[in-house]
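Colleague: My structure is below; once you've seen it, I'll send some questions.
Residue numbers (the numbering used here): 10 to 482.
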């Protein structure tokens, strides 16, 4: 095979990839636990031009192993010590994807950049995060106090990588100091700079300072990406309004997109349930971690978590259970079966066998559950403690009282445990009952099994039946 000289290979790669342009763009901001693959893809579908990953720390990335995942059509960066996915991406987003990195070391940052640059189109350095973890590690807002070090990191990356480099900062307490800092960072060769229009010590409840960004934008030539206006963003037009107020080239959205990512749609916001369904389908398609999917759906539901459906959702432990609430249970089961036929259920090849076995056991159990199997009458019914006014109304108590009144033997319970979750089988009057819902402890699992028995016997109280009605199919 003909091998190009190093300098020509670098030039060739630059020509074959369209360089990311940061002017006049709507951008999904980097958000911890939100900026994972399903939400990034949904943001692009909704109209975002560029999406940022959540902040990923250089030390974690540099230890990871790059693994193509043919089952999912993704590229996974995997922690070889425990098989967890540090970063997952796919071809659908590569040309519009920026990875945000937390770092305090130029050499380490460059090594990570070289590892990642074929799978992303931009690298951003977090220089604005005010969280204690970042600051103690010399990352995030700590770099604002050391402009020389910040500039050295950026200069090293700009000269060593094929992809554009950016950074994201917060404004300083005075306008002149902010302008001086941005000019110093711009001189390193970065392609753009994102600026949160608040200081390190200000929080979302404090008003943003668009006038500071206007002054900065007039003082430098590189694109300015305005951030920090979510408090006043309720629709697409609000994004453009904030961009104009800041005199910025582009606008970056965090909390407003976390609440409803369809804010990027010029046509208007999508209904909440339609948005959640779209998001969950992507979670299923890309085998997203259940705890991450749950966190993002919680952000969309907000106060609706207190409704009966919201409370059922909060009880969910698996992606299958979440999907059942939005009538995507069959879709989730079908996809899980498809992944299983691929040999590794979509998991990274380096996942330790014991971790894979644990996870597979729970998934196999979820897939196997139908309305009735192995002689067990099964329904998808979580136990919601808030539904019952007193211990006398608990399902186990109700079932026991029913047994006494009808002269039958009291119910017996057999509980299974799988990876810190529990499921119980209730034997009563010659029949066996169980909920397909895996609970957090043995007591809740037994209550769930008793619920199914009461339903089958026609003994559920009206309020409980109403609260669980949408899960009975």
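The beta carbon of each residue, even a glycine, is placed where N, CA and C say it ideally should be.
The structure displayed is predicted, hence computed values, not measured ones.
Give the straight-line distance between the Cα atoms of residue 157 and residue 318, rounded to the nearest whole angstrom.
Modeller: 53 Å
Colleague: What are the boundary residues of the beta strand (DSSP E) that includes residue 138?
Modeller: Segment: none, residue 138 is in no beta strand (DSSP E) and carries neither H nor E.
Colleague: Can you tell me whether DSSP reads residue 427 as helix, strand or coil?
Modeller: DSSP places residue 427 in strand when its eight states are reduced to three.
Colleague: Reducing DSSP to helix, strand and coil, say where residue 205 ends up.
Modeller: It is a strand residue.
Colleague: Is residue 82 buried or exposed, if buried means 16 or more other CB atoms sit within 10 Å of its CB?
Modeller: The residue is exposed, with fewer than 16 neighbouring Cβ atoms inside 10 Å.
Colleague: Just grab the DSSP bridge partners of residue 432 for me.
Modeller: Paired residues: 425.
Colleague: Using the Cβ count rule (16 or more neighbours within 10 Å means buried), how would you classify residue 440?
Modeller: exposed
Colleague: From which residue to which residue does the alpha helix (DSSP H) around residue 67 run?
Modeller: Taken as a continuous stretch (DSSP letters only), the alpha helix (DSSP H) holding residue 67 covers 67-71.
Colleague: I'd like the list of long-range same chain contacts for residue 237, defined as Cβ closer than 7 Å, with 5 residues on each side in sequence excluded.
Modeller: 205, 206, 207 and 217
Colleague: With residue 408 and residue 420 assumed to form a contact (beta carbons below 8 Å), what rounded beta-carbon distance in angstroms separates them?
Modeller: 5 Å
Colleague: Please confirm whether residue 172 and residue 29 have their CB atoms less than 9 Å apart.
Modeller: Residue 172 places its beta carbon less than 9 Å from that of residue 29.
Colleague: With 16 other CB atoms within 10 Å as the buried threshold, where does residue 27 fall?
Modeller: So residue 27 counts as exposed.
Colleague: Considering only residues of the segment 229-303, which uninterrupted beta strand (DSSP E) runs meet the minimum length of 3 residues and lie entirely inside it, listed in chain order?
Modeller: Counting only runs that start and end inside the segment 229-303, the beta strand (DSSP E) elements of at least 3 residues fall at 233-236 and 259-262.
Colleague: Does residue 426 pass the burial test, meaning 16 or more other C-beta atoms within 10 Å, or should it be called exposed?
Modeller: exposed
Colleague: With a CB to CB cut of under 6 Å and the five nearest residues on each side skipped, what residues in its chain are close to residue 97?
Modeller: 46, 83 and 85
Colleague: Whether or not the segment 290-301 and the segment 325-340 are in contact is what I'm after, with contact meaning three or more pairs of Cβ atoms, one per stretch, closer than 8 Å; do they touch?
Modeller: A contact is defined here as three or more CB-CB pairs under 8 Å, and the segment 325-340 meets this definition with respect to the segment 290-301.
Colleague: Quick test of your reading: residue 129 and residue 108, contact by CB under 8 Å. State the CB separation rounded to the nearest angstrom.
Modeller: Confirmed, about 5 Å.
Colleague: Since residue 239 contacts residue 265 with CB under 8 Å, what's their CB separation in whole angstroms?
Modeller: 4 Å
Colleague: In this structure, does DSSP put residue 334 in helix, strand or coil?
Modeller: Helix at residue 334.
Colleague: Does DSSP put residue 322 in a helix, a strand or coil?
Modeller: helix
Colleague: For the segment 59-74 against the segment 270-285, are there 3 or more C-beta pairs whose distance is under 8 Å?
Modeller: With fewer than three CB-CB distances shorter than 8 Å, the segment 59-74 does not count as touching the segment 270-285.
Colleague: Under 7 Å Cβ to Cβ from residue 229, same chain only, skipping five residues before and after it: list those, please.
Modeller: 191, 192 and 195
Colleague: Using only the alpha-carbon positions, how far apart do residue 464 and residue 92 sit?
Modeller: The C-alpha of residue 464 lies about 41 Å from the C-alpha of residue 92.
Colleague: What is the DSSP secondary structure of residue 178, counted as helix, strand or coil?
Modeller: strand
Colleague: Using CA atoms only, rank isn't needed, just tell me which of 257, 101 and 66 is closest to residue 54.
Modeller: 101
Colleague: By DSSP, does residue 189 sit in helix, in strand, or in coil?
Modeller: helix
Colleague: In the DSSP assignment, what residue or residues form a beta bridge with residue 84?
Modeller: 77 and 98
Colleague: In or out: residue 273 buried (at least 16 other Cβ within 10 Å) or exposed?
Modeller: buried
Colleague: Which residue wins for smallest C-alpha separation from residue 263, given the options 256, 275, 241 and 280?
Modeller: When C-alpha distances from residue 263 are compared across 256, 275, 241 and 280, the shortest belongs to 241.
Colleague: For a quick check, are the C-beta atoms of residue 198 and residue 174 less than 9 Å apart?
Modeller: yes
Colleague: On the DSSP letters alone, give me the boundaries of the beta strand (DSSP E) that residue 168 sits inside.
Modeller: Careful: residue 168 lies outside any beta strand (DSSP E), inside the alpha helix (DSSP H) at 156-169.
Colleague: What number of angstroms, rounded off, separates the C-alpha of residue 444 from the C-alpha of residue 453?
Modeller: Taking the straight line joining both Cα atoms gives about 11 Å.
Colleague: Among the candidates 104, 182, 294 and 289, whose CA atom is the shortest distance from the CA of residue 307?
Modeller: Closest by alpha carbon: 289.
Colleague: Check residue 221 in the structure and name its three-state DSSP category.
Modeller: helix
Colleague: Does the distance from the C-beta atom of residue 459 to that of residue 404 stay below 9 Å?
Modeller: yes
Colleague: On a Cα-Cα basis, can you pick out the residue from 138, 104, 71 and 103 that is closest to residue 115?
Modeller: The option with the nearest alpha carbon to residue 115 is 71.
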